[in-house]
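Asker:
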Amino acid sequence: MPESPPADADRIEHQVLERISPPAELMARVDRARRTLVERAETIARSRGRPLVRALVAGSAARGTYIADRLDIDLFLLYPPDTPRPVLAEEGLAVGRELVRHPEQRYAEHPYLRGEFEGFRVEAVPGYAIDDPAHPISAVDRTPFHQEYLAQRQTPEMVGQVRLTKQFLRGLGILGSEARTEGFSGYLVELLILRFGTLRGLLREACRWSIPTRLDAASRDPPRLPGEVALILPDPVDPERNVASALSRAHLGLFILAAREYLARPSEAWFVPYQAPRLSREDARRRTGERGTHVAVVGLPRDRAVVDDTL
């Protein structure tokens, strides 16, 4: 399928970037909140007699690659490696409760807190300060190394291309590595733009992909790859880990098809966030009536601590 004239995509992407890029005032607020979060977290931990090795804001809020209407601040509370796990969880939650408003306890590998700080949604996640990312103690321990790796290589041009790529993936409904999304994590997006330079550079490359795709043919596959792996990209800070492990084959296939279509017929519609269609009660009755089926609804009590995407 031939690619459309570059000027068409240039114009569309410029318009999209103007719409999704955070204004200077918002970026300044984020920077102030980041610094204050780190300072207060370290002060609170010291006052409790369990000082942190460091507090760190990482991810898109730290690198400025967030989209204006999609921003969480991820704060990592990093304790010494000899801290017992129960103490890590207890102290991390206690620091988080003193730090954020409206704290809500969530669970991943271990408990963490979600709350509000200076108008932003913040997730305060305890972890360990390790020296070698190839030997993490908990799942989040590689995060400082990811932050350092990308921060050293990021350029202003890359920031805009990361935002564009994230918005393109939002349009497909496949931005995020949660179990319910099975899509592209923010870290994976940034590594892909680091590798291919621009959204269109990534899309051109994706047009040549089959499933599964290995992006680093020179390296051996990370161990324990699942049989249904879609994309293999070893983590640059830990080659034993596949950065794209959450991405499903169906969603990689969708991305490849969308890449071909966008390059042939670019449109701003590709960057409109996907919303699953919702049926009215009348439409649902009509459809089930046409099929001769019935819908049964069962209500169960919910533990609010369980993360939404694991329900």
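By UniProt numbering, the letter at position 301 of the sequence shown is numbered 301, and the numbering carries on one by one without gaps.
We treat Cβ as the ideally placed atom computed from N, Cα and C, and that holds for glycine.
Could you name the residues that DSSP lists as bridge partners for R214?
Answerer: DSSP lists I232 as partners of R214.
Asker: Let's test the definition: count the other Cβ atoms within 10 Å of the Cβ of S280 and tell me whether it reaches 16, buried, or not, exposed.
Answerer: With fewer than 16 Cβ atoms within 10 Å of its Cβ, S280 is classed as exposed.
Asker: Could you tell me which uninterrupted alpha helix (DSSP H) segments, each at least 4 residues in length, are contained entirely in the stretch 12 to 92, listed from first to last along the chain?
Answerer: Counting only runs of 4 or more, we get 24 to 47, 60 to 63.
Asker: Assign P133 to one of two classes, buried (16 or more other C-beta atoms within 10 Å of its C-beta) or exposed (fewer than that).
Answerer: Classification of P133: buried, given that the 10 Å Cβ count is 16 or more.
Asker: Taking the alpha-carbon of L192 as reference, which of D216, L71, V57, E282 has the nearest alpha-carbon?
Answerer: Closest option to L192, Cα to Cα, is D216.
Asker: How about Y79 and P22: do their beta carbons lie closer than 8 Å?
Answerer: No, these two residues do not count as a Cβ contact at 8 Å.
Asker: Would you mind giving the Cβ-Cβ distance between S210 and I12, rounded to the nearest angstrom? I have them listed as a contact below 8 Å.
Answerer: Incorrect: roughly 28 Å between the Cβ atoms, too far for contact.
Asker: Go ahead and label D235 buried or exposed: buried means 16 or more other beta carbons lie within 10 angstroms of its beta carbon, across all protein chains shown.
Answerer: Classification of D235: buried, given that the 10 Å Cβ count is 16 or more.
Asker: Pick helix, strand or coil for L113, following the three-state DSSP scheme.
Answerer: Strand.
Asker: Got a sec, what are the start and stop residues for the beta strand (DSSP E) R241 sits in?
Answerer: Per DSSP, R241 belongs to the beta strand (DSSP E) from 238 to 242.
Asker: Can you check which of these residues, V95, I130, G59, is closest to R48 by C-alpha distance?
Answerer: Closest option to R48, Cα to Cα, is V95.
Asker: Output yes or no for whether 8 Å exceeds the beta carbon distance between G183 and H251.
Answerer: In this structure, H251 lies closer than 8 Å to G183 by Cβ.
Asker: Any idea which residues DSSP pairs P133 with across the strands?
Answerer: None; P133 has no bridge partner.
Asker: Among the residues of its own chain, which have a CB less than 7 Å from the CB of R40, if the five just before and after it don't count?
Answerer: The answer, listed in chain order, is L99.
Asker: Just curious, the beta strand (DSSP E) that E290 is in, first and last residue?
Answerer: It is not in any beta strand (DSSP E) - E290 instead sits in the alpha helix (DSSP H) that spans 281 to 291.
Asker: Just reading off the beta strand (DSSP E) that F120 is part of, what are its end residues?
Answerer: Here the beta strand (DSSP E) through F120 covers 120 to 128.
Asker: Taking the alpha-carbon positions, what's the H102 to G115 distance?
Answerer: Answer to the nearest angstrom: the Cα atoms are 5 Å apart.
Asker: Three-state secondary structure (DSSP) at residue 313?
Answerer: The shown model of the chain, from 1 to 311, leaves out residue 313, and the question about it has no answer.
Asker: If you draw a straight line from the alpha carbon of E3 to that of E104, how long is it in whole angstroms?
Answerer: About 48 Å.
Asker: Just to confirm my understanding: we take I174, look at its own chain, exclude 5 residues before and 5 after, and list those with CB closer than 7 Å. What are they?
Answerer: Excluding residues within five positions, the ones whose Cβ falls inside 7 Å are T181, G183, F184, H251, L254, F255.
Asker: Below 8 Å, how does it come out for the stretch 115 to 127 and the stretch 162 to 173: are there three or more Cβ pairs, yes or no?
Answerer: Short answer: they don't touch.
Asker: Where do the ends of the alpha helix (DSSP H) carrying Y149 lie?
Answerer: Per DSSP, Y149 belongs to the alpha helix (DSSP H) from 143 to 153.
Asker: Leaving out five residues on either side along the sequence, give the residues of the same chain with a beta carbon under 6 Å from the beta carbon of R195.
Answerer: Cβ neighbours of R195 beyond the five flanking positions: none.
Asker: DSSP three-state call for Y262: helix, strand or coil?
Answerer: Correct three-state label for Y262: helix.
Asker: Label T83 either buried or exposed according to how many other C-beta atoms from any shown protein chain fall within 10 Å of its C-beta, with 16 as the threshold for buried.
Answerer: It counts as buried.
Asker: Suppose contacts are defined by Cβ-Cβ distances below 8 Å. Is R85 in contact with H110 by that definition?
Answerer: Yes, the Cβ-Cβ distance between R85 and H110 is below 8 Å.
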